[in-house]
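Enquirer:
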Amino acid sequence: MPALTTYTPEIPAVDVAIIGAGINGLAVAREAAARGLSVALFDQDDLAARTSAISTRLVHGGLKYLERFELNLVYESIRERNILLAKAPHLVHPYPMLIPFSKAQSRPGWLLACGLMLHDVLSIGKPLPFNRVVFRKRLKRDWPALADAGLRWGGLFHDANVPVTERLAVELAVDAQRHGAIVSTHSPVESLVRASDRITGLRYRDRVTGETKTVPARLVVNAAGPWVDRVLDLAGAHDRRMGPTKGSHLVVDAFPGAPDTCIFFESPDDTRPMFVLPWEGKYMIGTTDLPYDGSIDEIVIDEDETAYLLNAVNQLIPQAGLTPGDVLWSYSGVRPLPYVGELDDPSKVSRDHEIVVHDGQEVGLVTIIGGKWTTHRALGELVVKRLERELGRRPGPSPTRAARLPGAPDGDWAEYRARVIERSTLPPRSAARLVDTYGVAAAAIERLAASIPALAAVVDPETGAIAAEAVYAVQEEGALTLEDVVLRRMAVALNSNVGLAAAPAIAAVLVEHAGWSEDRADSELDRYRAAMRRFKPRALDGEREAGTMRGSTE
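Each residue of the sequence shown is one higher than the last, beginning at 1 in UniProt numbering.
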């Protein structure tokens, strides 16, 4: 897999400058670069570090859009799910989910069963099994806790998920760069450049020198997610565009009655869709959907949300008995939805995206509102077609529809995976982790470990991550900070203690093998531990009570 460079000292004039390296910005950068446009992508943080990092990690076929008759979203979701299953099989996997049918829910079982059958009709040719209705005998066999709680029938919906969205974001950036895009992380955009009554570029702060530098651009794309309005503030007075809603998830260990498959059910409090999701050896519970007008820079779950989520699971599976003390960690963020004024039920806001081509004094600026992991590629295609028209080019077919992501092998994924594990000189667990996390790039990491035997050492016993991954993250994948390495390259922070136990060992590896100084490692550790507070990890509870947490300002 090609190396990813996230810093370029001098960036030349480009066709398209993109603000925001979340899933929308990455999709646009990849599509535009693949079509031959010159592209520069900027973010104040790392790749997909904020809003794109708080999803439920599903790649869904749009089942919930059926009841609103948003068939365009259903078709788009099905198509894009199928593309991801085919072109990123190392990251995107089939993911069945059970939908309980009961008299207590707002939608009758017969209607849900019809919805599953209709979805199959709309998905003709899909690479997944057909949806089906399951009855008590199978429920008692496969979902005994739900059967014991009185569930008599339900629907099995075959969908997909991407357990490690962080790696998908990295591969989109790699793919964009190998087509010529410049990717610049930790490079906040400070202003827009205006000339002759139009936007003609941007100014950003260089992460190494601290200088403000100018990048001329024929078009500027505002893909800043919930920060869209802040970017528009740089252009002048404007109507409010964003009306974000808050979503939170809990992460817990296996619990009594925990299912082997995802459960997609209704909240007993307000009937909104909820999930219990097996994930990375743990369980994710989500999500809330609340109007939000607070700070979008640092968002954490509150006690009411925790109670809401736990209560829903405990009513679904009475033997679960989950309490706040069972929560390993949580994560919260906002959905970048369009502003629609006062609204009692945020779930009624359409999840469709909007592309705004500005006029007047803002000619040269294009803003994206909405977007999601499932349909990111389709959004990138639509946006770039609009950009090409603005640039006087005739849009052609999308090159990304048939393109594999960089980590995907040529051929059958299961066969490739088995072959890599069998031939690896690493222990089977480490070999399996490498290929599952990095795809074909696992070979380069294993070669690194073979060249320096110390790098074959396990740095996180829970996940089996090895030291070579940390060095690879810095040298080949553009990681700058310890958080970049532990959370968004190695994905070790998805373990039960958000990577806090492994972080010191990983920092020590970077001192020994990647040129970090001891002082830098110490400061990065302090910043990492402070940053992890937004997840409210149980692993920090004792330190917080004792007042000894490193980086604490209390």
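Even for Gly, the Cβ is constructed at its ideal location relative to N, Cα and C.
State the beta-bridge partners of MET97 as determined by DSSP.
Expert: DSSP, once it has assigned bridges, lists PHE157 and CYS262 as partnering MET97.
Enquirer: Around the Cβ of GLU305, are there at least 16 other Cβ atoms within 10 angstroms (buried) or fewer (exposed)?
Expert: The residue is buried, with at least 16 neighbouring Cβ atoms inside 10 Å.
Enquirer: Going by DSSP, name the residue or residues bridged to ASN222.
Expert: ASN222 is bridged to ILE19 and THR367.
Enquirer: Between the C-alpha atoms of PRO100 and TRP279, what's the straight-line distance to the nearest angstrom?
Expert: Approximately 20 Å, taken between the alpha carbons.
Enquirer: Less than 7 Å between C-beta atoms, sequence neighbours within five positions excluded: which residues of the same chain meet that for LEU128?
Expert: PRO94 and HIS158, listed in sequence order.
Enquirer: Could you spell out the range, first to last residue, of the beta strand (DSSP E) harbouring ILE182?
Expert: It spans 182 to 184 - the beta strand (DSSP E) in which ILE182 sits, taken as one unbroken run.
Enquirer: Pull up the distance between the alpha-carbon of THR295 and that of VAL334, whole angstroms please.
Expert: It is worth fixing the name first, because residue 295 is Ser in this sequence and not Thr. Each residue's alpha carbon lies about 10 Å from the other.
Enquirer: When the Cα of residue 574 is compared with those of ARG218, THR185 and ALA27, which residue comes out closest?
Expert: Residue 574 lies beyond the residue range present for the chain, which begins at 1 and ends at 554; the question has no answer from this structure.
Enquirer: Roughly how many angstroms lie between the CA atoms of VAL39 and GLY180, to the nearest whole one?
Expert: One C-alpha to the other measures close to 7 Å.
Enquirer: Using beta-carbon positions only, say whether LEU455 and VAL471 come within less than 9 Å of one another.
Expert: Closer than 9 Å, so yes.
Enquirer: Do you know whose CA, among GLY380, HIS90, ALA505 and ARG401, lies nearest LEU525's CA?
Expert: Considering only alpha carbons, the answer is ALA505.
Enquirer: Looking only at C-alpha atoms, which of TYR308, ALA467, VAL486 and ILE11 sits nearest to GLU512?
Expert: Checked all of TYR308, ALA467, VAL486 and ILE11; the closest Cα to GLU512 is ALA467.
Enquirer: Can you find at least 3 beta carbon pairs, one from the segment 65 to 77 and one from the segment 28 to 48, that sit closer than 8 Å?
Expert: Short answer: they don't touch.
Enquirer: Below 8 Å, can you find three or more Cβ-Cβ pairs linking the segment 72 to 90 to the segment 215 to 232?
Expert: The segment 72 to 90 is not in contact with the segment 215 to 232.
Enquirer: Is ARG240 near TYR308, with beta carbons less than 9 Å apart?
Expert: Not closer than 9 Å, so no.
Enquirer: Would you check if there are 3 or more beta carbon pairs closer than 8 Å linking the segment 13 to 28 to the segment 166 to 176?
Expert: Cβ pair count under 8 Å is three or more, so yes.
Enquirer: Just verifying my parser: in three-state terms, what is the DSSP assignment at THR553?
Expert: With a pLDDT of 29 at THR553, under the threshold of 50, the modelled position of that residue is not reliable, and no figure is offered here.
Enquirer: What do you get for CYS262, buried or exposed, if any count of 16 or more other CB atoms within 10 angstroms of its CB means buried?
Expert: With 16 or more Cβ atoms within 10 Å of its Cβ, CYS262 is classed as buried.
Enquirer: Please state whether DSSP places ALA546 in a helix, a strand or coil.
Expert: Here ALA546 scores only 39 on pLDDT, less than 50, and its place in the model should not be relied on; the value that follows carries that caveat. ALA546: helix per DSSP, three-state reduction.
Enquirer: Could you give the DSSP three-state label for THR306: helix, strand or coil?
Expert: Three-state result, THR306: helix.
Enquirer: Note down, in chain order, each residue of its chain lying with its Cβ closer than 7 Å to the Cβ of VAL509, except the 5 sequence neighbours on either side.
Expert: Cβ neighbours of VAL509 beyond the five flanking positions: VAL459, ALA467, ALA470 and VAL471.
Enquirer: For GLN319, count neighbouring Cβ atoms within 10 angstroms of its own Cβ and tell me buried if that reaches 16, exposed if not.
Expert: Exposed: under 16 other Cβ atoms inside 10 Å.
Enquirer: What does a CB cutoff of less than 8 Å around GLY286 pick up in its chain, not counting 5 residues either side in sequence?
Expert: For GLY286, where only same-chain residues beyond five positions count, the Cβ hits under 8 Å are THR56, GLY247, SER248, HIS249, LEU250, MET274, PHE275, LEU277 and LEU309.
Enquirer: Note down, in chain order, each residue of its chain lying with its Cβ closer than 6 Å to the Cβ of PRO188, except the 5 sequence neighbours on either side.
Expert: These residues qualify, in order along the chain: GLN44 and ARG205.
Enquirer: What are the start and end residues of the alpha helix (DSSP H) that includes VAL117?
Expert: According to the sequence shown, residue 117 is Met rather than Val. It spans 109 to 122 - the alpha helix (DSSP H) in which MET117 sits, taken as one unbroken run.
Enquirer: Who are the Cβ neighbours of GLY464 in its own chain at under 7 Å, not counting the five residues just before and after it?
Expert: These residues qualify, in order along the chain: ARG429, SER430, ARG433 and VAL458.
Enquirer: Can you look up LEU337 in the DSSP assignment and give me helix, strand or coil?
Expert: Residue state, collapsed to three classes: coil.
Enquirer: Given a cut-off of 9 Å on the beta-carbon distance, is the pair ARG529 and ALA503 in contact?
Expert: Result yes, Cβ atoms of ARG529 and ALA503 sit closer than 9 Å.
Enquirer: Measure the alpha-carbon distance for TYR292 versus GLY411 and round it to whole angstroms.
Expert: Straight-line Cα distance between these residues: approximately 45 Å.
Enquirer: Along the chain, where does the beta strand (DSSP E) containing GLY201 start, and where does it finish?
Expert: Counting along the chain, the beta strand (DSSP E) containing GLY201 begins and ends at 198 to 205.
Enquirer: Are the segment 357 to 364 and the segment 3 to 10 touching, with three or more C-beta to C-beta distances below 8 Å?
Expert: Because the criterion of three Cβ pairs below 8 Å is not met, the segment 357 to 364 and the segment 3 to 10 do not touch.
Enquirer: Please report whether the beta-carbon of ASN314 lies at a distance below 9 Å from any beta-carbon of chain B.
Expert: As a matter of chain content, chain B is missing from the structure shown, which is built from one protein chain.
Enquirer: Compare the beta carbon distance of SER523 and GLU31 with 9 Å and say whether it is the shorter of the two.
Expert: Cβ atoms of SER523 and GLU31: not closer than 9 Å.
Enquirer: For PRO12, which residues of its own chain have a beta-carbon under 7 Å away from its beta-carbon, when the five flanking residues on both sides are left out?
Expert: So the list is empty, once near-sequence residues are dropped.
Enquirer: My output table needs one value for TYR75: the three-state DSSP class, helix, strand or coil.
Expert: Note: TYR75 maps to helix in three-state DSSP.
Enquirer: Within a Cβ cutoff of 8 Å, which residues of the same chain sit near ARG394, ignoring the five residues on either side of it in sequence?
Expert: Answer for ARG394: GLU388, listed in chain order.
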